[in-house]
Amino acid sequence: GVPINITLKYRQAGDYPVDLYYLMDLSNSMKDDKEQLATLGSKLADQLRILTSQFNLGFGSFVDKVLMPYADTSPNKIKNPCAGCAPPYSFRNDLPLNNNDSLFTEKVRQAPISGNMDSPEGGFDALMQVMVCKKEIGWRDQARRIVIFSTDAKFHHAGDGRLAGIVAPNDELCHLNGLNEYGDFDKYDYPSIAQINKVAKETNINVIFAVSGHEDLYRELAQMIETSSYGKLDKDSSNVVELVRDQYNKISSVVRLTDNSTNSDVSIRYFSKCKDGGDLRVTKECGGIKENDEIDFVLEIKLNQCPKDVEKTLVEVKTLEDNLMLEIEYKCTCDCNTQGLIEAGAASCNSQGDLVCGVCSCHPGYRGEKCQCSNERSDSSERDNALCMAKDSDKVCSGLGYCSCGTCVCKDP
Numbered sequence: 011g012v013p014i015n016i017t018l019k020y021r022q023a024g025d026y027p028v029d030l031y032y033l034m035d036l037s038n039s040m041k042d043d044k045e046q047l048a049t050l051g052s053k054l055a056d057q058l059r060i061l062t063s064q065f066n067l068g069f070g071s072f073v074d075k076v077l078m079p080y081a082d083t084s085p086n087k088i089k090n091p092c093a094g095c096a097p098p099y100s101f102r103n104d105l106p107l108n109n110n111d112s113l114f115t116e117k118v119r120q121a122p123i124s125g126n127m128d129s130p131e132g133g134f135d136a137l138m139q140v141m142v143c144k145k146e147i148g149w150r151d152q153a154r155r156i157v158i159f160s161t162d163a164k165f166h167h168a169g170d171g172r173l174a175g176i177v178a179p180n181d182e183l184c185h186l187n188g189l190n191e192y193g194d195f196d197k198y199d200y201p202s203i204a205q206i207n208k209v210a211k212e213t214n215i216n217v218i219f220a221v222s223g224h225e226d227l228y229r230e231l232a233q234m235i236e237t238s239s240y241g242k243l244d245k246d247s248s249n250v251v252e253l254v255r256d257q258y259n260k261i262s263s264v265v266r267l268t269d270n271s272t273n274s275d276v277s278i279r280y281f282s283k284c285k286d287g288g289d290l291r292v293t294k295e296c297g298g299i300k301e302n303d304e305i306d307f308v309l310e311i312k313l314n315q316c317p318k319d320v321e322k323t324l325v326e327v328k329t330l331e332d333n334l335m336l337e338i339e340y341k342c343t344c345d346c347n348t349q350g351l352i353e354a355g356a357a358s359c360n361s362q363g364d365l366v367c368g369v370c371s372c373h374p375g376y377r378g379e380k381c382q383c384s385n386e387r388s389d390s391s392e393r394d395n396a397l398c399m400a401k402d403s404d405k406v407c408s409g410l411g412y413c414s415c416g417t418c419v420c421k422d423p
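All you need for our numbering is the position in the sequence shown, starting with 1, plus 10.
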């Protein structure tokens, strides 16, 4: 089909609300990091106030599935997995998003350190719950949503649950219980990287992997999850405020358009000049954007083929903050082809055809521009030939073609 172009204008809003949820690994090796975060909690809030006056802070923690071989479930170890440690848990929503930064500092300080057995942690279980439990976490509809994922260890992912006999894939649903903990950790496998990527895009959440170990692993992971970035924490997380500031500025200076189209009948391409000027180029992303900057995007929508039994489809085009719903209506026939605009048995078609868009569509057994020729009459070919002979000539079409319903069809030279 003929492509249709739609121009969208994006403007970077000033003082846009921010929801920042700090998701922290509280296994024993992160003890110093937790204490540092509690100390720097007020500074983190002060930094957010510089970025926006409308911010909410939340805090959650994770260890791992409380099952062998991830955690020691023997009676003595389950109560005290390490010296001064609390019993292990999968994920706990310690503090839903709110605007009380003093409460944030208090909850971080009160959160107990725990322990597990194997090296990778259950951070993916926790991250999935943070993203899908919208009401329980307190995500606002109109806010830039950010999760700080802080750890010094590797992560378990889809397939690792089989070590504990868990075969059901992660269902991407909220399973927080009355204790604000992930209660069904023993029923569902860890999420896959693809699931984390999918849900992060669906929920408009940007994940910042703030890590103090296995930097190469998380740098590569951030490249696999479209709405994520990576930052290196000091061993005790003393640079957490600067990291959050720098990563926030990086996030807010980039606009990236995505869509949920899975229909092969329709293709969508994105073009923009961004801030560089010049010619339009194929891109979904523009960087270097500051407050009140305006960027034009051109969407080229093309119908590859007419779908069966479908008249229209909805496509959602999104940034991290906003979304736009496009209703695409398929037009697979000309207006004159629609019912009521076809003249059946038209006189201009010798009553032997229908007039469609000004052209005769002959009934079976008839042919010709006006359906004037019958395929069944024995004398039709003789009459046709007579119409295709020049005066004083007995050659049909001057011997250079054949006659079809009184009209010469020339042979290729």
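Every residue, glycine too, gets a C-beta built ideally from N, C-alpha and C.
Restricting to Cα atoms, I'd like to know which of the options is closest to residue i.
i	options	result
residue 411	304, 182 and 423	423
residue 137	121, 383, 183 and 26	183
residue 139	92, 118 and 101	101
residue 338	352, 354 and 316	316
residue 237	147, 158 and 118	158
residue 228	134, 352, 146 and 145	134
residue 274	218, 318 and 190	318
residue 141	301, 267 and 205	205
residue 419	378, 402, 151 and 386	378
residue 202	216, 178 and 185	178
residue 7	164, 270 and 283	What the structure shows of the chain is the stretch from 11 to 423, and residue 7 is not part of that stretch, so it cannot be assessed.
residue 216	143, 187, 89 and 261	261
residue 68	172, 371 and 149	149
What separation, rounded to the nearest whole angstrom, lies between the Cα atoms of residue i and residue j?
i	j	result
residue 313	residue 335	18 Å
residue 115	residue 245	20 Å
residue 357	residue 288	58 Å
residue 400	residue 393	14 Å
residue 129	residue 311	48 Å
residue 32	residue 174	28 Å
residue 293	residue 181	33 Å
residue 155	residue 25	14 Å
residue 395	residue 382	14 Å
residue 351	residue 363	14 Å
residue 16	residue 306	10 Å
residue 327	residue 107	27 Å
residue 258	residue 120	27 Å
residue 168	residue 329	28 Å
residue 53	residue 324	44 Å
residue 213	residue 96	32 Å
residue 243	residue 341	55 Å
residue 282	residue 295	8 Å
residue 62	residue 279	33 Å
residue 343	residue 367	11 Å
residue 360	residue 380	6 Å
residue 268	residue 188	36 Å
residue 355	residue 365	7 Å
residue 86	residue 272	52 Å
Apart from the five residues just before and just after residue i, which ones in its own chain have a Cβ nearer than 6 Å to its Cβ?
i	result
residue 55	111
residue 219	159, 228, 232 and 240
residue 409	none
residue 285	298
residue 386	375
Would you grab the beta carbon distance between residue i and residue j for me? Rounded to a whole angstrom, and I think it's under 8 Å.
i	j	result
residue 415	residue 407	About 13 Å; that fails the 8 Å criterion.
residue 58	residue 30	7 Å
residue 147	residue 103	6 Å
residue 290	residue 308	6 Å
residue 250	residue 50	6 Å
residue 176	residue 192	The Cβ separation is near 13 Å, so there is no contact.
residue 256	residue 75	So it is not a contact: roughly 33 Å between Cβ atoms.
Residues in its own chain within less than 7 Å of residue i by CB, not counting five upstream and five downstream?
i	result
residue 207	234, 235 and 236
residue 44	34, 36, 118, 121 and 123
residue 297	263 and 264
residue 302	21, 22 and 24
residue 170	200
residue 92	38 and 125
Using a Cβ-Cβ cut-off of 8 Å (strictly less than) and excluding sequence neighbours within five positions of residue i, which residues of its own chain qualify?
i	result
residue 64	25, 26, 27, 28 and 153
residue 73	35, 36, 37, 81, 98, 99, 100, 124, 125, 126, 131 and 132
residue 40	34, 123, 160, 161 and 162
- What are the complete beta strand (DSSP E) segments, minimum 3 residues, inside the segment 22-48? 28-35
- Item | Sequence ranges, alpha helix (DSSP H) only - wholly within the segment 92-180, length at least 4 | 111-120, 133-142 and 144-147
- Message: Report the start-end ranges of each alpha helix (DSSP H) in the segment 189-269 that is 4 residues or longer and not cut off at the edges.
- Response: 203-212, 225-234 and 250-262
- Task: Mind listing, in chain order, the continuous beta strand (DSSP E) runs of no fewer than 3 residues lying wholly within the segment 52-83?
- Result: 65-72
- Message: At 3 residues or longer, what runs of the beta strand (DSSP E) sit wholly inside the segment 293-377?
- Response: 304-313, 322-328, 333-339, 363-366 and 369-372
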